[in-house]
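Trainee: Let me give you the structure first, and then I'll get to my questions.
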Amino acid sequence: MNKLNIPKAIGAGIAGTIVMTIMTMVAPMMGMPEMNIPAMLADFMGFPVVVGWIAHFMIGTVLALIYVYAFIGKLPGAPWLQGALYGLFPWFLAQIMVNPMMGAGVFAVNTPAPMMMVMGSLIGHLVYGTVVGLVYGGNARQPIPVSQH
């Protein structure tokens with residue numbers, strides 16, 4: 001029997017979220033629109049930005065757990081590629097569910113630069129997934145030692 005490596009999945013989610021967050025902080029320096037995810041989440045929920053930060057990392061961790069539980073080993077390629085491909089899943093959900101809930105519209109049509117927002121989100125989610133795949137590695141489940149007596 002096998003089990004999920006939950007601590008490793010949590011670490012992968014935190015690592016992926018950190019790298020994605022750093023990317024959103026430097027994106028405006030490269031001509032991309034500002035994407036302050038913790039501030040957007042806090043504003044949406046009506047709470048201080050610290051709650052947005054907590055929510056941002058909780059979402060990143062839950063998405064990594066979903067990856068490990070439901071997607072790893074079912075996607076082609078090396079762990080980094082499996083993670084990158086998985087990154088398309090939360091990106092698409094963000095475009096069709098999260099953006100409209102936040103007032104940006106489907107595929108950010110209600111923003112000043114929809115294509116830039118969509119592409120920035122795509123790059124961020126691909127990087128998030130790649131980091132999650134690299135940190136977690138290639139095995140979804142670790143063997144449970146079985147007594148041989």
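Here the sequence shown is numbered in the working numbering, starting from 1 and rising by one per residue.
We treat Cβ as the ideally placed atom computed from N, Cα and C, and that holds for glycine.
Count Cβ pairs between the segment 123-131 and the segment 75-94 that sit closer than 8 Å; are there 3 or more?
Mentor: yes
Trainee: Got a sec? Which residues, its chain only, sit under 8 Å from V135 by beta carbon, not counting five neighbours each side?
Mentor: Looking up residue 135 in the sequence shown gives position 135. Contacts found: K8, G11, A12, A15 and G16.
Trainee: Does DSSP put K74 in a helix, a strand or coil?
Mentor: In the sequence shown, counting from the first residue as 1, residue 74 sits at position 74. Note: K74 maps to coil in three-state DSSP.
Trainee: Determine the burial state of P76: buried for a count of at least 16 other Cβ atoms within 10 Å of its Cβ, exposed for fewer.
Mentor: Stepping through the sequence shown from its first residue, residue 76 is reached at position 76. Result: exposed.
Trainee: For the segment 54-119, which segments carrying the alpha helix (DSSP H) assignment without a break, of at least 4 residues, lie completely within its bounds, in sequence order?
Mentor: 79-93 and 99-102
Trainee: If you check the beta carbons only, do A64 and V132 fall under 8 Å apart?
Mentor: Here residue 64 refers to the residue found at position 64 of the sequence shown. Here residue 132 refers to the residue found at position 132 of the sequence shown. Contact flag set, yes.
Trainee: Along the chain, where does the alpha helix (DSSP H) containing P150 start, and where does it finish?
Mentor: With the chain running from 1 to 149 in the structure shown, residue 150 is simply not present.
Trainee: Report yes if the CB atom of V98 is closer than 8 Å to the CB atom of A108, and no otherwise.
Mentor: Locating residue 98 in the sequence shown gives position 98, counting from the first residue. Locating residue 108 in the sequence shown gives position 108, counting from the first residue. No; because the gap between Cβ atoms is not below 8 Å, this pair is not in contact.
Trainee: May I ask you to report which of helix, strand or coil DSSP gives G16?
Mentor: As a first step, residue 16 must be located in the sequence shown, where it is residue number 16. Correct three-state label for G16: helix.
Trainee: So which of M115, V19, G73 and T130 has the shortest CA-CA distance to G31?
Mentor: The residue labelled residue 31 in the question sits at position 31 within the sequence shown. Taking only the C-alpha atoms, the option nearest G31 is M115.
Trainee: In or out: V68 buried (at least 16 other Cβ within 10 Å) or exposed?
Mentor: In the sequence shown, residue 68 corresponds to position 68, counting from 1. When all chains shown are included, V68 counts as buried.
Trainee: For F71, which of G83, G60 and A78 has the nearest alpha-carbon?
Mentor: Translated into positions along the sequence shown, residue 71 becomes position 71. Nearest option by C-alpha distance: G83.
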